[in-house]
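To keep things clear, I will list the structure first and then write my remarks on it.
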Amino acid sequence: MSAPLFRLTDSTLRDGSHAVRHQFTVDQVRKVVTALDNAGVPVIEVTHGDGLGGSSFNYGFSHTDEMDLVTTAVETARRAKIAVLMLPGIGIKDDLRRAAEIGVRVARIATHCTEADISEQHIKLSKELGLEAVGFLMMAHMVETDALLAQARLMESYGADCVYVVDSAGAMTMGEARRRVAALKSGLQCQVGIHAHNNLSLAVANSLVALDEGVDQIDGCTTGLGAGAGNCPTEVLVAACAKSGIETGVDPLAMMDAAEEVVRPIRPEQGVIDRDGLLLGYAGVYGSFLLHARRAAERYGVDAKDILIELGRRKVVGGQEDMIIDVAVELARAGTVH
Amino acid sequence: MTTRMAKTPVAIVGSGNIGTDLMFKLQRSAHLELRAMVGVDPDSDGLARARKLGIEATYEGVDWLLERAAQFRIVFEATSAWVHRQNAPRYHHAGLQAVDLTPARIGPPVVPPVNLNAHLGAPNVNLITCGGQATVPIVHAVARVGPVPYAEIVSAVASKSAGPGTRQNIDEFTRTTSRALVEVGGAQHGKAIMVLNPAEPPILMRNTVYCALADDYDEHLVAKSIEEMVAEVSEYVPGYRLKSAPLFEKEVFHTPGGKVSARVVALLEIEGGGDYFPPYAGNLDIMTAAAVRVGEALAQQLVTA
Numbered sequence: 021m022s023a024p025l026f027r028l029t030d031s032t033l034r035d036g037s038h039a040v041r042h043q044f045t046v047d048q049v050r051k052v053v054t055a056l057d058n059a060g061v062p063v064i065e066v067t068h069g070d071g072l073g074g075s076s077f078n079y080g081f082s083h084t085d086e087m088d089l090v091t092t093a094v095e096t097a098r099r100a101k102i103a104v105l106m107l108p109g110i111g112i113k114d115d116l117r118r119a120a121e122i123g124v125r126v127a128r129i130a131t132h133c134t135e136a137d138i139s140e141q142h143i144k145l146s147k148e149l150g151l152e153a154v155g156f157l158m159m160a161h162m163v164e165t166d167a168l169l170a171q172a173r174l175m176e177s178y179g180a181d182c183v184y185v186v187d188s189a190g191a192m193t194m195g196e197a198r199r200r201v202a203a204l205k206s207g208l209q210c211q212v213g214i215h216a217h218n219n220l221s222l223a224v225a226n227s228l229v230a231l232d233e234g235v236d237q238i239d240g241c242t243t244g245l246g247a248g249a250g251n252c253p254t255e256v257l258v259a260a261c262a263k264s265g266i267e268t269g270v271d272p273l274a275m276m277d278a279a280e281e282v283v284r285p286i287r288p289e290q291g292v293i294d295r296d297g298l299l300l301g302y303a304g305v306y307g308s309f310l311l312h313a314r315r316a317a318e319r320y321g322v323d324a325k326d327i328l329i330e331l332g333r334r335k336v337v338g339g340q341e342d343m344i345i346d347v348a349v350e351l352a353r354a355g356t357v358h
Numbered sequence: 009m010t011t012r013m014a015k016t017p018v019a020i021v022g023s024g025n026i027g028t029d030l031m032f033k034l035q036r037s038a039h040l041e042l043r044a045m046v047g048v049d050p051d052s053d054g055l056a057r058a059r060k061l062g063i064e065a066t067y068e069g070v071d072w073l074l075e076r077a078a079q080f081r082i083v084f085e086a087t088s089a090w091v092h093r094q095n096a097p098r099y100h101h102a103g104l105q106a107v108d109l110t111p112a113r114i115g116p117p118v119v120p121p122v123n124l125n126a127h128l129g130a131p132n133v134n135l136i137t138c139g140g141q142a143t144v145p146i147v148h149a150v151a152r153v154g155p156v157p158y159a160e161i162v163s164a165v166a167s168k169s170a171g172p173g174t175r176q177n178i179d180e181f182t183r184t185t186s187r188a189l190v191e192v193g194g195a196q197h198g199k200a201i202m203v204l205n206p207a208e209p210p211i212l213m214r215n216t217v218y219c220a221l222a223d224d225y226d227e228h229l230v231a232k233s234i235e236e237m238v239a240e241v242s243e244y245v246p247g248y249r250l251k252s253a254p255l256f257e258k259e260v261f262h263t264p265g266g267k268v269s270a271r272v273v274a275l276l277e278i279e280g281g282g283d284y285f286p287p288y289a290g291n292l293d294i295m296t297a298a299a300v301r302v303g304e305a306l307a308q309q310l311v312t313a
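Written out as structure tokens, the structure is:
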């Protein structure tokens, strides 16, 4: 078996946390990590969907303390490295220190695609703690390639080992994904990654065009379990790569078993691109807003679709889940007039 | 029996965005007289504007001020937490009372409508953060009519209004604000979240306050207390307002302060006065407006002492 052409990170236990309203249990984490580790997935990400410290009114309280989930993952994995996500402004440096003490090996530091400079202290701390540091530029569809490259360079200058193009809204077409990855590949010394969502049914396709451009790291979620209409389904990506002769280091059949027998039962309906999920990609709205918008729609007697469209119009960024309430109340006040 | 009082002489140290915005507000104070603007950069826009207004402006730093400390009573620190930690003991030694607009937290944290009177004699008072000034009053308003097991705030500011100091110290912002929700606001547990939004045109500063409510809360009392507090803050920050009446959302929440069955949500917007930065920068406005309020109270205390 030749060396993998890229490094796969499975984020079922982080991005997938959105899809289960942050209700993962220790038992689920143990089973998912065991299955992914056995299939050969090299990196597994575990945290609240909004990263370390995400448990809150604004993003939903965790069922189980994420540090307990991270500890379980570290204890369970025999080969895979465990990664955590953190968003400056939500999590704090002490959270990273605790994760490092537990035995996490990779810290992924996420900012909106224009705000990379708020990641400086966290990327530097990750390196000081001996962690691999990954910069995560969210909502990357909102800026052009030059601007994205300038932000990625900042993260690289702080010490990032890899910078990701993150399509948080699942809004990128294949051409848009390709251009962004190509720009980062040509302008950075460090590695480049892609994190795709499936709102336009393009998550696997965007990951494959990123590979054409030489992307070094790709994210998936098993069964696609993740925010919005879901992520790039790991088992599908692995199978498609195998058919294309691209080495992943992951056993396609073991990966299909992990998806069907371990992750699928957690949320059997995962994988459907319904109207709300599609709207996220179409309107360019942060994927994790979806379930919060449905909750607010129900509470204030308005349509989730209208909330999502208005959020897109207002250019709300990741983290501003409170604006869902704001919009719902305004729509309710405006009555049924559309 | 009122007598015409002389204004209290004050100085600003730090000629950046905050210091310059504060300068314009101090020009309108009936109790404070801004006699010096102290910076370190000869090309500072803030110093140039001070000179234009006829205020003594120097780039010789805090040494210049300390050489003439006897001419001043109060100093407003608008530099950085690190610089203020160096300057604070020197101000104290020189007999200057300090109003600290950095997150250094040397003196007690102060939010004017909550605890100003408790700290008028302190040699140094701290203004927490812009998010703290915007949200602590609301947490206090809820806590004064019933227990708040957990309070959480989300502060969103326009990217353009967040300078390098804020960006490089976002961790300090979230930690200092979280602490203030408990120590000043009166919640049992607190969490602060900060978001930068780059949208054009820039967004007005937004703050959302969530307070967990104990089972026997009185909706009418809580709403009334919040609305009264908003009116009080808007006396010194005219652009401070609720986007809607306080919202009571009934649902079981497993908060760090325990399980509750309801929360109140206050959606706040702050339109700045546009003194130096455009109106979207409500975050600068509420800091400098609070500083003037605190400075005036300190001055009145000095006069009557």
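Protein sequence lines correspond, in order, to chains L and C. Residue numbers for the first sequence follow the working numbering, beginning at 21 and rising by one. Residue numbers for the second sequence follow the working numbering, beginning at 9 and rising by one. In this text, a Cβ means the ideal position worked out from N, Cα and C, and glycines have one as well.
Which word fits Arg128 (chain L), buried or exposed, when buried means at least 16 other C-beta atoms lie within 10 angstroms of its C-beta? Residue numbering aside, residue 128 (chain L) sits at position 108 when the first sequence is read from its first letter. By the 10 Å Cβ count, Arg128 (chain L) comes out buried.
Look at the Cβ atom of Tyr284 (chain C), then the Cβ atom of Thr66 (chain C), and state whether they are nearer than 8 Å. For this step, residue 284 (chain C) is matched to residue 276 along the second sequence. For this step, residue 66 (chain C) is matched to residue 58 along the second sequence. Not a contact, by the Cβ cut-off of 8 Å.
Given a cut-off of 8 Å on the beta-carbon distance, is the pair His161 (chain L) and Gly307 (chain L) in contact? Numbered from its first residue, the first sequence carries residue 161 (chain L) at position 141. Numbered from its first residue, the first sequence carries residue 307 (chain L) at position 287. No, they are not a contact pair.
Taking Cβ-Cβ distances shorter than 7 Å, what residues in chain L pair up with Lys199 (chain C)? By 1-based counting over the second sequence, the position of residue 199 (chain C) is 191. Correct list: Ser76.
Contacts around His92 (chain C), its chain only, beta-carbon distance under 6 Å, and the 5 residues preceding and following it disregarded: Walking along the second sequence from the start, residue 92 (chain C) turns up at place 84. The answer, listed in chain order, is Glu85, Asp108, Thr110, Ala112.
Cβ separation of Ala106 (chain C) and Ala96 (chain C), assumed to be a contact under 8 Å, to the nearest whole Å: Here residue 106 (chain C) refers to the residue found at position 98 when the second sequence is read from its first residue. Here residue 96 (chain C) refers to the residue found at position 88 when the second sequence is read from its first residue. Yes, Ala106 (chain C) and Ala96 (chain C) are in contact; Cβ-Cβ is about 6 Å, under 8 Å.
Taking a contact to mean a Cβ-Cβ separation below 8 Å, would you say Cys133 (chain L) touches Leu157 (chain L) in this structure? Mapped onto the first sequence, residue 133 (chain L) falls at position 113. Mapped onto the first sequence, residue 157 (chain L) falls at position 137. Yes, these two residues count as a Cβ contact at 8 Å.
According to DSSP, simplified to helix, strand and coil, what is Gly355 (chain L)? Walking along the first sequence from the start, residue 355 (chain L) turns up at place 335. DSSP places Gly355 (chain L) in coil when its eight states are reduced to three.
Over the uninterrupted beta strand (DSSP E) stretch that includes Thr66 (chain C), give me the two end residues. Counting from 1 along the second sequence, the entry for residue 66 (chain C) is found at position 58. 64 to 66 is the extent of the beta strand (DSSP E) around Thr66 (chain C).
Backbone secondary structure at Lys251 (chain C) - three-state DSSP: Residue numbering aside, residue 251 (chain C) sits at position 243 when the second sequence is read from its first letter. In the structure shown, Lys251 (chain C) sits in coil (DSSP, three-state: anything other than H, G, I, E or B).
Buried or exposed by the 16-neighbour rule on C-beta atoms within 10 Å, applied to Ala142 (chain C): As a first step, residue 142 (chain C) is located in the second sequence; it is residue number 134 there, counting from the start. Counting Cβ neighbours within 10 Å, Ala142 (chain C) comes out buried, since at least 16 surround it.
Quick one: grab the DSSP three-state call for Thr32 (chain L). Along the first sequence, one-based indexing puts residue 32 (chain L) at 12. Of the three classes helix, strand and coil, the one that applies to Thr32 (chain L) here is strand, per DSSP.
Which of helix, strand or coil DSSP assigns to Gln48 (chain L): For the purposes of this step, residue 48 (chain L) is taken as residue 28 along the first sequence, with counting starting at 1. Helix.
So, at 8 Å on beta carbons, what are the nonlocal neighbours of Arg43 (chain C) in its own chain, with the 5 sequence-adjacent residues on each side left out? Counting from one through the second sequence, the residue named residue 43 (chain C) turns up at place 35. For Arg43 (chain C), where only same-chain residues beyond five positions count, the Cβ hits under 8 Å are Pro17, Val18, Ala19, Ile63, Glu64, Gln79, Phe80.
Taking any Cβ of chain L, which residues in the region 152 to 170 of chain C have a Cβ under 7 Å from it, in chain order? Glu160, Val162, Ala164, Ser167
Under 7 Å Cβ-Cβ, which residues of chain C neighbour Arg319 (chain L)? As a working note, residue 319 (chain L) is residue 299 in the first sequence. The answer, in chain order, is Glu257.
Going by C-alpha distance, which of L:Gly332, L:Val256, L:Leu25 is nearest Ala223 (chain L)? Along the first sequence, read from residue 1 onward, the residue named residue 223 (chain L) stands at position 203. The shortest Cα separation from Ala223 (chain L) among L:Gly332, L:Val256, L:Leu25 belongs to L:Val256.
Mark Gln141 (chain L) as exposed unless 16 or more other C-beta atoms lie within 10 angstroms of its C-beta, in which case mark it buried. Within the first sequence, the letter at position 121 stands for residue 141 (chain L). Flag for Gln141 (chain L) reads buried.
Considering just the uninterrupted stretch of the alpha helix (DSSP H) at Pro172 (chain C), what are its terminal residues? What you label residue 172 (chain C) is simply residue 164 of the second sequence in a count that begins at 1. Note, Pro172 (chain C): alpha helix (DSSP H), 172 to 176.
Quick one: Cα of Leu276 (chain C) to Cα of Thr216 (chain C), how far? Residue mapping note: residue 276 (chain C) aligns to position 268 of the second sequence, counting from 1. Residue mapping note: residue 216 (chain C) aligns to position 208 of the second sequence, counting from 1. The alpha-carbon atoms of Leu276 (chain C) and Thr216 (chain C) are separated by roughly 6 Å.
Alpha carbon to alpha carbon, how far is Ala247 (chain L) from Gly36 (chain L)? Give it in angstroms, no decimals. Residue 36 (chain L) sits at position 16 when you count from the first residue of the first sequence. Residue 247 (chain L) sits at position 227 when you count from the first residue of the first sequence. Rounded to whole angstroms, Gly36 (chain L) to Ala247 (chain L) spans 7 Å at the Cα level.
Should Gln35 (chain C) go down as buried or exposed, given a rule of 16 or more other Cβ atoms within 10 Å for buried? In the second sequence, residue 35 (chain C) corresponds to position 27, counting from 1. So Gln35 (chain C) counts as exposed.
May I ask you to verify whether the region 334 to 348 of chain L touches the region 96 to 104 of chain L, counting CB pairs closer than 8 Å and requiring at least 3? no
For Met192 (chain L), does the three-state DSSP call read helix, strand or coil? Looking up residue 192 (chain L) in the first sequence gives position 172. Three-state result, Met192 (chain L): coil.
Quick one: what's got a C-beta closer than 8 Å to His358 (chain L)'s C-beta in the same chain, skipping five residues either side? Position 338 of the first sequence, counting from 1, holds the residue named residue 358 (chain L). At His358 (chain L), the pLDDT of 48 sits below 50, so the modelled position is not reliable; the number obtained from the coordinates is stated separately. Result list for His358 (chain L): Asp326, in chain order.
Lys147 (chain L) touches chain C at which residues, Cβ-Cβ below 9 Å? In the first sequence, the residue the question calls residue 147 (chain L) occupies position 127. Those do not exist, as Lys147 (chain L) stays about 16 Å from chain C at its closest Cβ, beyond 9 Å.
Distance CB(Cys219 (chain C))-CB(Ala164 (chain C)) smaller than 8 Å: Residue 219 (chain C) sits at position 211 when you count from the first residue of the second sequence. Residue 164 (chain C) sits at position 156 when you count from the first residue of the second sequence. Contact flag unset, no.
I need the boundaries of the beta strand (DSSP E) containing Met31 (chain C), first residue and last residue. Looking up residue 31 (chain C) in the second sequence gives position 23. Note, Met31 (chain C): premise wrong, no beta strand (DSSP E); alpha helix (DSSP H) at 25 to 34.
Kindly indicate which residue of C:Ile201, C:Val230, C:Glu75, C:Leu212 has the alpha-carbon position closest to the one of Phe77 (chain L). By 1-based counting over the first sequence, the position of residue 77 (chain L) is 57. When only C-alpha atoms are compared, the closest one is C:Ile201.
Distance cutoff 8 Å, beta carbons only. Does Pro108 (chain L) sit that close to anything in chain C? What you label residue 108 (chain L) is simply residue 88 of the first sequence in a count that begins at 1. Yes, because at least one Cβ of chain C sits closer than 8 Å to the Cβ of Pro108 (chain L).
Short check: CB of Pro157 (chain C) to CB of Gly265 (chain C), under 8 Å? For the purposes of this step, residue 157 (chain C) is taken as residue 149 along the second sequence, with counting starting at 1. For the purposes of this step, residue 265 (chain C) is taken as residue 257 along the second sequence, with counting starting at 1. Taking 8 Å as the Cβ cut-off, Pro157 (chain C) and Gly265 (chain C) qualify as a contacting pair.
Contacting positions in the region 129 to 144 of chain C - beta carbon closer than 8 Å to chain L: none
May I ask you to list the residues that DSSP assigns as paired with Phe261 (chain C)? Residue mapping note: residue 261 (chain C) aligns to position 253 of the second sequence, counting from 1. In DSSP, Phe261 (chain C) forms a bridge with C:Val268.
Nearest candidate by alpha-carbon position, reference Ala316 (chain L), set L:Asp114, L:Arg117, L:Ala348: Indexing the first sequence from 1 puts residue 316 (chain L) at position 296. Considering only alpha carbons, the answer is L:Ala348.
With H, G and I counted as helix, E and B as strand and the rest as coil, what does DSSP make of Leu73 (chain C)? On the second sequence, position 65 is the one that residue 73 (chain C) refers to. Leu73 (chain C) falls in the helix class under three-state DSSP.
Through-space distance from Ser269 (chain C) to Ala136 (chain L), alpha-carbon basis: In the first sequence, counting from the first residue as 1, residue 136 (chain L) sits at position 116. In the second sequence, counting from the first residue as 1, residue 269 (chain C) sits at position 261. Roughly 38 Å between the two C-alpha positions.
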